[in-house]
Each structure stands twice: as C-alpha cells, then as structure tokens.
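Chains as they are written, first to last, in full-length UniProt numbering: chain A, 1 to 244; chain B, 1 to 244.
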DNA sequence: GCTGTAAGACTTACAACGTAAGGGAGCCGA
DNA sequence: TCGGCTCCCTTACGTTGTAAGTCTTACAGC
C-alpha cells in the first residue's frame, strides 16, 4: 500500500538489480527526511517504519546511523535549531547591544525563533517531552544570555529572567487548545452554567470580532503581549540593578 | 511477578470462589487508583494493564467504566482539579476582591493550584498532551477570570492576560531540565566552548550557592519571579485602562 | 580479475501497548 | 424458575520500538 511496497511489487527487473540500486543512508539524510515527514504528516506519523519507508529502506537500517528513536527526535530538533540560527542571522550577540537596546534585540531574536517553530509546530512537543537541549538549542540560549549580558544585567537577574520567559525563550508557548472552532452558541450557553465569567468573556470576544473564530487564541499578538510584559518587567529590574 | 499474578498463583480456593469475591469497579475508583498509580510509578507506568493490576482486575474490564485511555487521562486531571478546588477553598471569587487587591488574590489562587500540581507532577504533561480542559479545570479558569473581572479589568485585557500567564494559570511552568545533577566542572568546561555566556552564568550561580545543585532551576522562587513579573505588567495595564 | 573484509541493508522476531470481539458468571425483576 | 442485563474475563489483532542474526555490496590488496 505504501509507495515503497508498490514499487517493490511493481516493475522491478530482478531481485539483484533492485539490490544494486540500494539506497545509501546517512545520519543527516535520515534527519532531514524525518523533518519533512513530521512537517507533512505530523509527529505521530514519525515512526521508524514510516521514516524508513520515506527513505526507501527497511526500518532497522536506520539503526546503523542513529542509535534509537530518541536520537532521531533529538536530531530533528537540532535540525530545526540550525534553521533558527540562519533565520536570526547567527546566534552571536549584535555588536551594538547595550543597556538601551537589549530588549528589542532579545525580542527580535525570540520572534525569529518563533517564526521557525511555526513552520515546524511539532518541534515544541519534542522539546517538552525530552529533557536536555542539544548543542544548537544550547547556543541559541547562549545567545539570549549574551544579549542580556550585553545589556548589563547581572547573571542572577539573567538567570531568573530565563526561567520567567520560560519556553518563550524558544519562541513558543503552550497552546491551550488547538481544536480550532469557535464555541457555538449552544456550547456557550452550556458553558455559562459551568463557567459564567469565561462564557461572558468568550461572548464578548466573539461579538467584537466574529471572524476570529478561535484564531483569537495564540495569535502572534498574544505571544507578543506576553513577551512584552516580561521584557518590560525585566527591564525595570535591570534599571533598578543599575542604580545600585 | 506482579503482586496480582502472585496472588492468583498462590493460595486461592477455587476459581469459583475467586469469582464470588469479584471486585466491583466504578469510574471513580478507577480514576482514584490511576492517580495513585501515576503518583507512585510515574505517567509512563500508567498503562491499562498496570492499572487493571492495581485494581485487581483484567485490563479490558476497565472499558466498562471508561471508554478508552484518553478518558482516563482526562479523568485523572479532573480528579487533580477537584483537589485544587479544595486546596484553594473553592473556585469562587473572594467577596472583597477589587481593583486594589485582585493581584494578590490571583497570586494566591495560582500558587494554590501549583501546590497541588507539585503533588502530581505528571498532571501537567497530560494537560499539555490533551486539548480541552474538563469541567473542573474550566471552573478553575473561570475563577481566575472572575478575580480579574472583580479587579475591574476589561474582558479584552483579561483575555490577553490569560494567554500571557499561559500555563502559569494552571500553576506550573514547563521545566527545562529535570535531570537533576549540577553540571560537573568537566561538563562546564566543555560547555564553555559551545556556550560561553551560559557557562559563565552557571559557574557564577554554582559559586554563589554551591548547595543548590540544580535546585536553582524551577524553584518556587523562580515560579514566583515570573508570576510577579506578569502580574505587575498586567496591573499597570489595568490602571491605564481605568484612567481612560 | 579475484577474493577477504567490513559496512550497512534486510529479515525475523519479541515484548508492550491500546483495544475490538465475544464468552460466561452473577444478580435482579417477573 | 427463568430471561436478560451487567460487567468481568479471555483471546486476539495491529502497531510500536528494537534485539539478533543473515546476506549483500563496495572496496582493498593481491
């Protein structure tokens, strides 16, 4: 049923000939294909067998290049962060960064990361599920620390700020509900009994902006609102630190 | 090997006798046991078979009370939010809440939720993985909205704020790395080549507070730092709104 | 060209997962 | 007493990651 088995079953001269044009794998090729597969079919579809299929190979062959599936997951995230690196023009600290402009610089860096992650929406899930960031992700964070440092903040403040910004450092936030559709009036009425305040809010938002079904959730706008809130607060603490 | 199969193999009069004292399941009992199982052995250990084992029952029996595993996951989260409700003394809005004290009230509410979630660290994972909040979680959010509303904020500002606070509303943040141990000096040196700013920060933190191995991460302190940053920023926007 | 060797692809097989399908025990109303 | 309903058990299937072992192919040295 898969394209590969079809090809197998189909016009193929001899077993031997098929073997002759055997595909050569490589760690990089596997990861690149995995990224495309996840982009196309989602994270759940990224199984060893499906990946092998896309590579024109049997599942177990992959294990000669990556030790296990977790390594693949870590690997694709690293690929994504390589993309982040080129998106933001390198992980270095912009040379003119100082106390006056660290915040916009950081803002730009984070929004750049976000742009890439929006192209690979499955990546945050992997990052959440797996612990330690790889080298590329690490260098991304290092750049963030560098920008704050160039802004004249103490490591202590930077450290707290990193935690505060949390996953926003990476350019994403937990999406509350992806399920898409706006609450139908019937649902809204039902909700009113359970959660009147929430229902009132939803009703007003729906009234003010009927088009924005549930695009009212997790907009770019929302992301930037939260980010700016944090950056403002951090800037105020930086200034306080500088006064001492 | 499991306690149950041992019991089976052991002193048991007759098959019929065993059947007579057949365990009676209930939706509630299943969920309660699932919570205990997850608390004890972690989320990965919460499989249908393990759960059935703890219940003294076969896996498929569970399906007479819950339609599938997702229902169980949703169910245990609801159990957790019932615990939140009692922890915070109900999801209602404190009667004296106004523009002057909404922020402390909200802070208290969120930290209460956090206290409960720290007792069930697996719960956030489920909440992330699955979409829509259940009724209890919904009522929790409704309480949060209610508090802000009592503070005199517009629904628009409340709505943006909800997104900004993100998962903090629920009382948790994504933990960056749970893997525990402090970076060994060797690791730190290796890191210095890759991420010098980060390495410098870690070195200083380690120096200032050698005990706090990596408890320096995701402390209560960190959580409150970020929360207060957001609450401050929101309060400033509320005051601005009130001036218009 | 021939052959030995190592790299790497293939085959087979397993344990664990969620769960569909159907069997049968026990209880309850008639 | 009996029919039927509830609900637990048994068996089995498809999918997952991956361990173990076989076989092919490319290439080095002769």
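We put the beta carbon where it would ideally sit given N, CA and C, even for glycine. This one's a predicted model, so the numbers in the text were calculated from it and none came from an experiment.
Alpha carbon to alpha carbon, how far is residue 33 of chain A from residue 29 of chain B? Give it in angstroms, no decimals.
One-based indexing of the second chain puts residue 29 of chain B at position 29. One-based indexing of the first chain puts residue 33 of chain A at position 33. Roughly 45 Å between the two C-alpha positions.
Between residue 142 of chain A and chain B, is the shortest Cβ-Cβ distance under 7 Å, so that the two count as touching?
In the first chain, the residue the question calls residue 142 of chain A occupies position 142. It does; some Cβ of chain B falls within 7 Å.
Going along the chain, which residues of the segment 60-75 of chain A sit with their C-beta nearer than 7 Å to a C-beta in chain B?
none
For residue 44 of chain A, count the other beta carbons within 10 Å of its own beta carbon; 16 or more makes it buried, fewer makes it exposed. Which is it?
The count along the first chain starts at 1 and reaches residue 44 of chain A at position 44. Exposed, by the Cβ-count rule.
If we ignore side chains and look at the alpha-carbon of each, how far apart do residue 144 of chain B and residue 109 of chain B end up?
Translated into the one-based positions of the second chain, residue 144 of chain B becomes position 144. Translated into the one-based positions of the second chain, residue 109 of chain B becomes position 109. Residue 144 of chain B and residue 109 of chain B: Cα-Cα distance of roughly 8 Å.
Straight-line gap, residue 159 of chain B to residue 68 of chain B (C-alpha atoms, nearest Å):
By one-based count along the second chain, residue 159 of chain B stands at place 159. By one-based count along the second chain, residue 68 of chain B stands at place 68. In a straight line, the C-alpha of residue 159 of chain B is about 33 Å away from that of residue 68 of chain B.
Classify residue 194 of chain A: buried if its beta carbon has 16 or more other beta carbons within 10 angstroms, exposed otherwise.
In the first chain, counting from the first residue as 1, residue 194 of chain A sits at position 194. It counts as exposed.
Supposed close pair residue 91 of chain B, residue 204 of chain A - CB separation, criterion 8 Å:
For the purposes of this step, residue 91 of chain B is taken as residue 91 along the second chain, with counting starting at 1. For the purposes of this step, residue 204 of chain A is taken as residue 204 along the first chain, with counting starting at 1. In fact, because the Cβ distance is near 21 Å, the residues do not count as touching under 8 Å.
Beta-carbon proximity list for residue 234 of chain A, same chain, < 6 Å, skipping 5 on both sides:
Taking the first chain and counting its residues from 1, the one referred to as residue 234 of chain A is at position 234. Within the same chain, residue 234 of chain A has close Cβ partners 161.
Residue 103 of chain B beta carbon less than 7 Å from that of residue 97 of chain B:
Taking the first residue of the second chain as position 1, residue 97 of chain B is located at position 97. Taking the first residue of the second chain as position 1, residue 103 of chain B is located at position 103. No, the Cβ-Cβ distance between residue 97 of chain B and residue 103 of chain B is not below 7 Å.
Curious, which full-length alpha helix (DSSP H) runs of at least 4 residues does the segment 83-110 of chain A contain?
Whole alpha helix (DSSP H) segments, 4+ residues: zero.
Cα-Cα separation, residue 94 of chain A to residue 147 of chain A
Here residue 94 of chain A refers to the residue found at position 94 when the first chain is read from its first residue. Here residue 147 of chain A refers to the residue found at position 147 when the first chain is read from its first residue. Between the alpha carbons of residue 94 of chain A and residue 147 of chain A lies a distance of about 8 Å.
Whose Cβ in chain A lies nearer than 7 Å to the Cβ of residue 135 of chain B?
As a first step, residue 135 of chain B is located in the second chain; it is residue number 135 there, counting from the start. Under the 7 Å cutoff, chain A gives 194.
Where does residue 127 of chain A sit, in a helix, a strand or coil, going by DSSP?
Locating residue 127 of chain A in the first chain gives position 127, counting from the first residue. It is helical.
Short CB-CB distance (under 7 Å) between residue 164 of chain B and chain A
Walking along the second chain from the start, residue 164 of chain B turns up at place 164. Yes - at least one Cβ of chain A is within 7 Å of the one on residue 164 of chain B.
How about residue 31 of chain A and residue 37 of chain A: do their beta carbons lie closer than 7 Å?
In the first chain, the residue the question calls residue 31 of chain A occupies position 31. In the first chain, the residue the question calls residue 37 of chain A occupies position 37. No, these two residues do not count as a Cβ contact at 7 Å.
Start and end residues, alpha helix (DSSP H) containing residue 58 of chain A:
On the first chain, position 58 is the one that residue 58 of chain A refers to. Run containing residue 58 of chain A: none; DSSP gives neither H nor E here.
Are residue 80 of chain B and residue 150 of chain B closer than 7 Å when you measure CB to CB?
Mapped onto the second chain, residue 80 of chain B falls at position 80. Mapped onto the second chain, residue 150 of chain B falls at position 150. Not a contact, by the Cβ cut-off of 7 Å.
Would you tell me roughly how many angstroms separate the C-alpha atoms of residue 74 of chain A and residue 238 of chain B, rounded to the nearest one?
Residue 74 of chain A sits at position 74 when you count from the first residue of the first chain. Residue 238 of chain B sits at position 238 when you count from the first residue of the second chain. Computed Cα separation, rounded: 42 Å.
Could you check if residue 226 of chain B is buried or exposed, using at least 16 other CB atoms within 10 Å of its CB as the buried criterion?
For the purposes of this step, residue 226 of chain B is taken as residue 226 along the second chain, with counting starting at 1. By the 10 Å Cβ count, residue 226 of chain B comes out buried.
Proximity to residue 78 of chain B [Cα-Cα], best of B/236, B/136 and B/35:
The residue given as residue 78 of chain B occupies position 78 in the second chain. The candidate whose alpha carbon is nearest that of residue 78 of chain B is B/136.
Please go through the same chain and pick out, in chain order, the residues whose beta-carbon is closer than 7 Å to the beta-carbon of residue 114 of chain B, but skip the five residues on each side of it.
What you label residue 114 of chain B is simply residue 114 of the second chain in a count that begins at 1. Closer than 7 Å at the Cβ level, and outside the excluded window around residue 114 of chain B, lie 171, 172 and 223.
Counting contacts by CB-CB distance shorter than 7 Å, is residue 152 of chain B in contact with chain A?
Walking along the second chain from the start, residue 152 of chain B turns up at place 152. With 7 Å as the cut-off, residue 152 of chain B does not count as an interface residue toward chain A.
Measure the beta-carbon distance from residue 120 of chain B to residue 35 of chain B and round it to whole angstroms, keeping in mind my assumption that it falls under 8 Å.
Here residue 120 of chain B corresponds to residue number 120 of the second chain, with the count starting at 1. Here residue 35 of chain B corresponds to residue number 35 of the second chain, with the count starting at 1. Rounded, the Cβ-Cβ distance is 7 Å, consistent with contact.
Over what stretch of residues does the alpha helix (DSSP H) that includes residue 244 of chain B continue unbroken?
In the second chain, counting from the first residue as 1, residue 244 of chain B sits at position 244. Segment: none, residue 244 of chain B is in no alpha helix (DSSP H) and carries neither H nor E.
Starting from residue 143 of chain B, follow the alpha helix (DSSP H) in both directions and report where the run begins and ends.
The sequence position of residue 143 of chain B within the second chain is 143, counting from 1. That run of the alpha helix (DSSP H) goes 135-150.
Using CA coordinates, which residue listed in B/157, B/130, B/54 and B/129 is at the minimum distance from residue 242 of chain B?
As a first step, residue 242 of chain B is located in the second chain; it is residue number 242 there, counting from the start. Taking only the C-alpha atoms, the option nearest residue 242 of chain B is B/157.
How is residue 219 of chain B classed by DSSP in three states: helix, strand or coil?
Taking the first residue of the second chain as position 1, residue 219 of chain B is located at position 219. In this structure, DSSP gives residue 219 of chain B a state outside helix and strand, which the three-state scheme calls coil.
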